[in-house]
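Letter by letter, the sequence shown follows residues 126 to 424 of this note's numbering.
As structure tokens, the structure follows; a few thoughts come after it.
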Amino acid sequence: MNLQSAVRLSALVLCLLPALGRARVVLVVSSQDPFYLEVASSFKQNFAGAFEEYNLRGQEDEARKLGKDLTGNPPKLLMVVGNLAAKTAQEYCPNSTIVHAAASNASGLKFNERKVLGVSDSPSVSRLVESINLVFPGSTRVGLVYNPQFVSREVAELEKLAGKHGLTVKAVPVTEIRQIPASLSQLLPEIDLYLMFNDPGVINADTFPFIFLACFQKKIPVFATNHSIVKKGAIAGLSADSGSVGRELARLAGLAAMQKFPPERVVYAEGRLYLNPQIASAANITLPPLLKDKAVLIP
Numbered sequence: 126m127n128l129q130s131a132v133r134l135s136a137l138v139l140c141l142l143p144a145l146g147r148a149r150v151v152l153v154v155s156s157q158d159p160f161y162l163e164v165a166s167s168f169k170q171n172f173a174g175a176f177e178e179y180n181l182r183g184q185e186d187e188a189r190k191l192g193k194d195l196t197g198n199p200p201k202l203l204m205v206v207g208n209l210a211a212k213t214a215q216e217y218c219p220n221s222t223i224v225h226a227a228a229s230n231a232s233g234l235k236f237n238e239r240k241v242l243g244v245s246d247s248p249s250v251s252r253l254v255e256s257i258n259l260v261f262p263g264s265t266r267v268g269l270v271y272n273p274q275f276v277s278r279e280v281a282e283l284e285k286l287a288g289k290h291g292l293t294v295k296a297v298p299v300t301e302i303r304q305i306p307a308s309l310s311q312l313l314p315e316i317d318l319y320l321m322f323n324d325p326g327v328i329n330a331d332t333f334p335f336i337f338l339a340c341f342q343k344k345i346p347v348f349a350t351n352h353s354i355v356k357k358g359a360i361a362g363l364s365a366d367s368g369s370v371g372r373e374l375a376r377l378a379g380l381a382a383m384q385k386f387p388p389e390r391v392v393y394a395e396g397r398l399y400l401n402p403q404i405a406s407a408a409n410i411t412l413p414p415l416l417k418d419k420a421v422l423i424p
């Protein structure tokens, strides 16, 4: 299918950001993933200005087609949702101001950092640690396998905060997918909770089932930072709300349009707690009853 482009005018079009003038402004969504679409919808409700919108539908061919168009007529401001859109922005728009959201690969891309802002769909590490204590109060030895290219900052912060919350952290770095089995085998005997960051250097469609099954067999619960992983098998997780991600994307895009870049270049959207009672029951793990009224339960 050819790229479908539509110019979206917000209800506040008369208040169009003066810094943009007649410059090209573009929103690119990676795919039809419901979370990405919800982020885009929230963005459109909160961004005061006119822009073009494209959906890559998860296809590299669509990314290349759009990339050629963006190269020929570079946008002044480019908002991207998801990994494929972020990769496209990095490859084809090196001089554009970019605001990315829900792009777990962003830290591994070589952006011009002076002109890039982002909204993480993972929670802040402080909220993450607090949630681990709430859901698994008896688990104190937290472990994970991670790729430093993508989540080194989060792991460093986790190691810094853990002791204050009664936790120890065993983090095993890998640089290639093939290193995961041996690293996991080394790690699991030393932990009682596995933390699964939204790390594209470790988590994909093939590795997630392997990691989940290895933890399940050892009766080690998995706590995730992505709601879709909770749906696939993690017992619990803290993930950003799509509406909050969209609102933050709109806020940062407004600042970027006026060339105002806050010191914190990546911000965290509001997190929501997810619980998977079926997986907990299968693993013979009891979740705190009071939390079920405060969390989204995965059916």
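Here a beta-carbon is modelled for each residue, glycine too, at the ideal position from N, C-alpha and C.
Using a C-beta cut-off of 8 Å, the region 209-223 makes no contact with the region 308-325, since fewer than three inter-stretch Cβ pairs fall below that distance.
Straight-line measurement puts the Cα of arginine 372 at about 13 Å from the Cα of glycine 396. For leucine 202, the pairing in a beta bridge is given by DSSP as Val150 and Thr222. Serine 264 has its alpha-carbon roughly 16 Å from the corresponding atom of glutamate 284. Beta-bridge annotation (DSSP): serine 364 is paired with Arg397.
Under DSSP, proline 159 forms no beta bridge with any residue. Taking a cut-off of 8 Å on C-beta distances, the region 352-359 does not touch the region 292-307, as fewer than three cross pairs fall below it. Within the region 170-203, complete beta strand (DSSP E) segments of at least 3 residues are found at 175-180, given in chain order. Taking 9 Å as the cut-off, the Cβ atoms of proline 199 and glutamate 177 do not count as close. Secondary structure of serine 249 (DSSP, three-state): coil.
Under the three-state reduction of DSSP output, phenylalanine 168 falls in the helix class. Residue pairing of glycine 243 in beta bridges, as defined by DSSP: His225 and Val391.
Excluding five sequence positions before and after asparagine 351, the CB atoms of its chain that fall closer than 6 Å to its own CB belong to Asn323 and Ser364, given in chain order.
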